[in-house]
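One structure below.
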Amino acid sequence: RLGIPALVHEESTAGFCARDAVQLPQAIGLAATWNRELLGAVATHIRSEMVAVGARQSLAPVLDVARDPRWGRVEETYGEDPVLAGELGTAYVRGLQNTTGTARSGLAAGVVATGKHFVGYGLADGGLNHGPVQLGPRELREVFAEPFAAAIRDAGLASVMNSYSSVDGVPCAGSRSFLTDLLRGELGLIGTVVAAYFAVDLLRTHHRVAPTK
-13 RLGIPALVHE ESTAGFCARD AVQLPQAIGL AATWNRELLG AVATHIRSEM VAVGARQSLA
47 PVLDVARDPR WGRVEETYGE DPVLAGELGT AYVRGLQNTT GTARSGLAAG VVATGKHFVG
107 YGLADGGLNH GPVQLGPREL REVFAEPFAA AIRDAGLASV MNSYSSVDGV PCAGSRSFLT
167 DLLRGELGLI GTVVAAYFAV DLLRTHHRVA PTK
């Protein structure tokens, strides 16, 4: 009715996650190469496979900074350093989105990259997935938001996924301060914000900040 097309999304952190697609080392292994050109080539190949089957949005790269090795998603990240994560994440976004620099004109033949999970997801208490995050505003910006800032600034990142967690008691999925003021206002995202699969309903069942759906 509104003329908005369906947008098929897939996973591709370590290769297009589909039967017969090329599978690659996990992101933490790719990060160990410190090789921007390699990450660009990896993402370019992933783009070719996704476009071939009509998938035009990828739920990657994971731009979380991993500071607790107990966290069960460390292998999806580029590690503990925000500069490295930003550099490699930027290269991945350029390859996937078929862009040069910050220009997004190549997206017509590219795949929308989705940086995730905004923000601070890799610092959950006890390394527990979905666990609360205790994080001050300076470290949040300088460390945990920096890879997202780099991908937006230097590669025209077109989509971001919110975190499941709360930061300083505020659930990211329902936060204007994180998703609008910080992400769009300070970091300059022009594009979509997509929910992690159950993030909206978790505002009701997990964070308990909403009484009903």
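Residue numbers in the sequence shown follow the working numbering, run continuously in steps of one, and reach 199 at the last position. We treat Cβ as the ideally placed atom computed from N, Cα and C, and that holds for glycine. Everything numeric in this text was worked out from a predicted model, so none of it was measured.
Contact fails between the segment 49 to 57 and the segment -12 to 5, because fewer than three Cβ pairs, one in each stretch, are under 8 Å apart.
Counting of Cβ neighbours within 10 angstroms places I(-10) among the exposed residues, the total staying below 16.
For G81, the enclosing alpha helix (DSSP H) covers residues P68 to Q83. DSSP, reduced to helix, strand and coil, places P157 within a strand of the structure shown. Burial check for N84: the Cβ neighbour count within 10 Å reaches 16 or more, so the residue is buried. In terms of Cβ geometry, K102 and M36 do not form a close pair [threshold 7 Å]. Residue R59 holds the alpha-carbon nearest to the alpha-carbon of G113 among R42, D6, R59 and A38. According to the DSSP assignment, V37 belongs to no beta strand (DSSP E) but to the alpha helix (DSSP H) extending over R22 to A38. Bounds of the alpha helix (DSSP H) holding F134 are E132 to A141.
Annotation note: the segment 162 to 196 contains the following uninterrupted beta strand (DSSP E) runs of length 3 or greater, listed N- to C-terminal: 178 to 180. Here V97 carries a coil assignment [DSSP, helix/strand/coil]. Annotation: I(-10) is outside any alpha helix (DSSP H) and is labelled neither H nor E by DSSP. Annotation: the continuous beta strand (DSSP E) that includes V146 extends over S145 to N148. Straight-line spacing of the CA atoms in A137 and T19 works out to 19 Å.
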